[in-house]
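I have placed the structure first, in the form of structure tokens, so that the comments after it can refer back to it.
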Amino acid sequence: MSVGILALVALVPIALALILMVGMRWPATKAMPVAWLSAVVGAVAVWNLPAAYVAALTVQGLITAIGILIIVFGAILILYTLQYSGGMETIQHGFQNISRDRRIQVLIIGYLFAAFIEGAAGFGTPAALAAPLLLSLGFPPLAAVVMCLVFNSFPVTFGAVGTPVILGMKYLTTLVDAAVLASAPGVNFHSMEMFDKIVGQWSTIMHLPMIYILPLFMLGFMTRFFGQNKSWSEGFAAWKFSLFVSTVFAVPYLFTAWFVGPEFPSLIGGLVGLGLAIVGAKKGFCVPEKIWDFGPSSTWDAEWTGTVSAENSTEFKAHMSQARAWAPYILIGIILVITRIPDLGLKGLLAGVSIPFKNILGFSSVNASIQYLYLPGTIPFALVAILTIFIHKMPSDKAAKAWKEAIAKMKNPTIALFFSVALVSIFRGSGIADAALNPHNYLSMPLALADAVSGLAGQTWPMFASFVGGLGSFITGSNTVSDLLFAEFQWGVASSLNMSHQIIVSAQAVGGAMGNMICIHNIVAGCAVVGLSGMEGAILKRTVWPFLLYGLIVGVVASLMTFVFLPHLF
516 MSVGILALVA LVPIALALIL MVGMRWPATK AMPVAWLSAV VGAVAVWNLP AAYVAALTVQ
576 GLITAIGILI IVFGAILILY TLQYSGGMET IQHGFQNISR DRRIQVLIIG YLFAAFIEGA
636 AGFGTPAALA APLLLSLGFP PLAAVVMCLV FNSFPVTFGA VGTPVILGMK YLTTLVDAAV
696 LASAPGVNFH SMEMFDKIVG QWSTIMHLPM IYILPLFMLG FMTRFFGQNK SWSEGFAAWK
756 FSLFVSTVFA VPYLFTAWFV GPEFPSLIGG LVGLGLAIVG AKKGFCVPEK IWDFGPSSTW
816 DAEWTGTVSA ENSTEFKAHM SQARAWAPYI LIGIILVITR IPDLGLKGLL AGVSIPFKNI
876 LGFSSVNASI QYLYLPGTIP FALVAILTIF IHKMPSDKAA KAWKEAIAKM KNPTIALFFS
936 VALVSIFRGS GIADAALNPH NYLSMPLALA DAVSGLAGQT WPMFASFVGG LGSFITGSNT
996 VSDLLFAEFQ WGVASSLNMS HQIIVSAQAV GGAMGNMICI HNIVAGCAVV GLSGMEGAIL
1056 KRTVWPFLLY GLIVGVVASL MTFVFLPHLF
């Protein structure tokens, strides 16, 4: 069967998910089971995979989804714990001394705070932490989750201490070693470690325009679609502070990537930028004179709100010191850093503790595990939630209420994630190199899609390479997994078209990052933590536009690097 036909079959589950959630406004709890079922039919009827093997892949997906749900639960638990302890209202009170302007708040929390958390933890953690914080400050839930999903893009290439580059590119090791031995033209690396560093360096160049464009675009987007006056210009009026924030993030971000490596650009950029931005906002540096707000909640559209209410009063009371109120977030940041840096020893210790599921339904190639201590939902989220009971001196009845409400919020995301991650597992496992399981030796579903697109693109491939990375994240919910899926494919396309491997693979790494704003996993998780379960389509409809803008700009930069600047470098 031709790659084109395979690609069309592989496209069906994705198209169904989009049509049902965006076009027909189905909740993910209904749309994703249908999409999963279509993937099952395609896998059995077209790929001719044994039904038992597809069932095993589904079970594998369910187990993987449990890990994601642990993260979601931990984030929701932190939110409710802080709400019932009085810590969240104290933080709200403190932000009035920084700025009451929603444009300033979203840049500090949704952009810089989330970038730091992404650099430390990844795994969808930033939106899970930042969106509830914005919600508690008075943002409409829909605005909070959209802004956090979109801003969680350029930091993601270097998320979780560089995991998408360091781990995501591991299957290229043999190809990189062969290129070094052959001393092929354009090879300016002598090891896999150096190749990873170059990919990180060139990724920052592709991200750089959007580090400046995206925040300003999203401020206008926020005031246009969530403001009383429906005005783009009200968001653009904060352009000075937006450029300031982009600069204080971009300088340490680029410096770290170019002179240190891919482990810390987002973490350092977010941390340094956060400190400078808070100081600047307090001093009124580049801050607009006129404060902008969403207006009273009585004027909000019905779809903006969910089951978790936002505070709308402009006055908040401090129930404790700001240091005590922020202590849980500070602890989360510290614990994430010390448990994610391999040299400190805790990463290996925590990651080594897991519940393994081997040979699922008798298939040796289908395995899964739950690293329950390494997942941020356990350590630090749940751990810090428990510590907060003592730090904030919470009465036992309020602590119990926080846990009870967090558990109650898990029903809808559990259904949606079980089926969406099971679909991902079938997608990834469909290309197994086993004649008994894959009798026609077909490409996996994602690779069939990518191969069909590359065949149509030809020499214009640099314009489209990042969208393949975005497709990988959309399907799998992970930049790292997108790179694992498509890095070898991107290398092969670069070889066949006689293009730079570094540039095309870097575009893949950037695309995997920008795909986080549209991936179903993150959207479902984001909806869950702000009480918007069932509104996944409304969010996807809004995040797809910045995703397309991002891909267009990255495509232009990658094309210029390939056809204009590269010939002068070698």
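For the sequence shown, this note's numbering begins at 516 and goes up steadily by one. C-beta: ideal position from N, C-alpha, C; glycine also.
- Query: Thinking C-alpha only, which one of Glu-749, Leu-769, Thr-573 and Ile-585 is nearest Asn-670?
  - Reply: Note on residue identity: the sequence assigns Pro, not Asn, to residue 670. Here the closest residue by C-alpha is Leu-769.
- prompt: For Met-516, is the classification buried or exposed, using 16 other Cβ atoms within 10 angstroms of its Cβ as the cut-off for buried?
  reply: Counting Cβ neighbours within 10 Å, Met-516 comes out exposed, since fewer than 16 surround it.
Exercise for review: Counting only runs of 3+ residues fully inside the segment 879 to 928, write out the beta strand (DSSP E) ranges in chain order.
Suggested key: 883 to 885
query = By the 10 Å Cβ neighbour count, where 16 or more other Cβ atoms means buried, how is Phe-1001 classified, buried or exposed?
reply = buried
Next on the checklist: Taking 6 Å as the limit between beta carbons, can you name the residues of its chain near Ser-553, skipping five residues before and five after?
Outcome noted: Val-527, Pro-528 and Leu-531
Legend entry - CB-CB length for Gly-785 against Gly-538, believed under 8 Å: Gly-785 to Gly-538, Cβ: 36 Å. No contact.
- Asn-827 to Arg-615 span [Cα, whole Å]: Residue placement at Asn-827 is poorly supported in this model, since its pLDDT is 46, which falls under 50; the coordinates still yield a value, given next. Asn-827 and Arg-615: Cα-Cα distance of roughly 12 Å.
For Pro-895, which residues of its own chain have a beta-carbon under 7 Å away from its beta-carbon, when the five flanking residues on both sides are left out? Excluding sequence neighbours, Pro-895 sits near Leu-846, Ile-847, Ile-850 and Leu-851.
Could you spell out where the beta strand (DSSP E) holding Phe-872 opens and where it closes?
870 to 872
TODO: Inspect the CB distances between the segment 704 to 716 and the segment 684 to 693 and report whether three or more fall short of 8 Å.
DONE: yes
Next item on the list: Pick out the complete alpha helix (DSSP H) segments inside the segment 554 to 602, 4 residues or longer, and give them in chain order.
Entry: 566 to 600
task: Examine the Cβ distances between the segment 620 to 635 and the segment 937 to 953 and report whether three or more of them are shorter than 8 Å.
output: no
Among Ile-578, Ser-993, Ala-917 and Ser-812, which has the Cα closest to the Cα of Phe-934? Ile-578
Out of Asn-1037, Gly-1049 and Phe-1078, which has the shortest C-alpha to C-alpha gap to Val-665? Sorting Asn-1037, Gly-1049 and Phe-1078 by C-alpha distance to the C-alpha of Val-665 places Asn-1037 at the top.
- request: Using alpha carbons as the reference points, say which of Ser-748, Val-695, Thr-596 and Leu-964 lies closest to His-1016.
  value: Comparing Cα positions, the closest option is Val-695.
(Q) Using C-beta distances below 6 Å, list every residue in its chain close to Gly-589, excluding the 5 sequence neighbours before and after it, in chain order. (A) The answer, listed in chain order, is Gly-892, Phe-896 and Ala-897.
Exercise. Would you identify the three-state DSSP class for Leu-1084, choosing helix, strand or coil?
Key: With a pLDDT of 49 at Leu-1084, under the threshold of 50, the predicted position of this residue should be treated as unreliable, though the coordinate-derived value follows. If DSSP states are grouped into helix, strand and coil, Leu-1084 belongs with the helices.
Assign Val-794 to buried or exposed, taking buried as 16 or more other Cβ atoms, counted over all protein chains shown, within 10 Å of its Cβ. Val-794 should be labelled exposed.
Handout entry: C-beta contact flag for Ser-997 and Pro-679 at 9 Å
Key = yes
Rounded distance between the beta-carbons of Ala-1022 and Ala-1073, thought under 8 Å = The pair is a contact, with the Cβ atoms about 5 Å apart (cut-off 8 Å).
Original post:
Taking C-alpha atoms, which residue in Gly-582, Leu-592, Leu-865 and Val-555 lies nearest to Lys-919?
Top reply: Leu-592
>> Please state whether the Cβ-Cβ distance between Gly-609 and Trp-841 is less than 9 Å.
In response: yes
message = Applying the 10 Å Cβ sphere with the 16-neighbour rule, what's the burial state of Trp-1006?
response = Buried, since its Cβ has 16 or more Cβ neighbours within 10 Å.
**OP:** Count the other C-beta atoms from every protein chain shown that fall within 10 angstroms of the C-beta of Thr-1077, then say buried if there are 16 or more, exposed otherwise.
**Re:** Answer is buried; the Cβ neighbour count reaches 16.
Would you call the segment 723 to 740 and the segment 1056 to 1073 touching, i.e. three or more CB-CB distances under 8 Å?
yes
Just verifying my parser: in three-state terms, what is the DSSP assignment at Pro-843?
helix
- Task: Would you kindly work out how many angstroms separate the C-alpha atoms of Met-1029 and Cys-663, rounded to a whole number?
- Result: 12 Å
Write down the C-beta distance between Lys-832 and Glu-1051 rounded to the nearest angstrom, noting that I regard them as a contact closer than 8 Å.
Wrong, their Cβ atoms sit about 35 Å apart, outside the cutoff.
* To do: Taking 9 Å as the cut-off, decide whether the C-beta atoms of Leu-650 and Ala-659 are in contact.
  => yes
Three-state class that DSSP yields for Val-775 in the structure shown: coil
Assign Glu-633 to one of three DSSP states: helix, strand, or coil. helix
Candidates Arg-618, Ser-993 and Ala-923: closest to Ala-752 by CA position
Arg-618
| message | Starting from Trp-1006, trace the alpha helix (DSSP H) in both directions and tell me its first and last residue. | response | 994 to 1011 is the extent of the alpha helix (DSSP H) around Trp-1006.
Taking only three categories from DSSP, how would you classify Val-1045? coil
Mind reading off the beta-carbon distance from Leu-729 to Val-763? Whole number of angstroms is fine, and I expect it under 8 Å. Incorrect: roughly 15 Å between the Cβ atoms, too far for contact.
My understanding is that Ile-1033 touches Phe-989, with C-beta atoms under 8 Å, so please give their C-beta distance in whole angstroms.
5 Å
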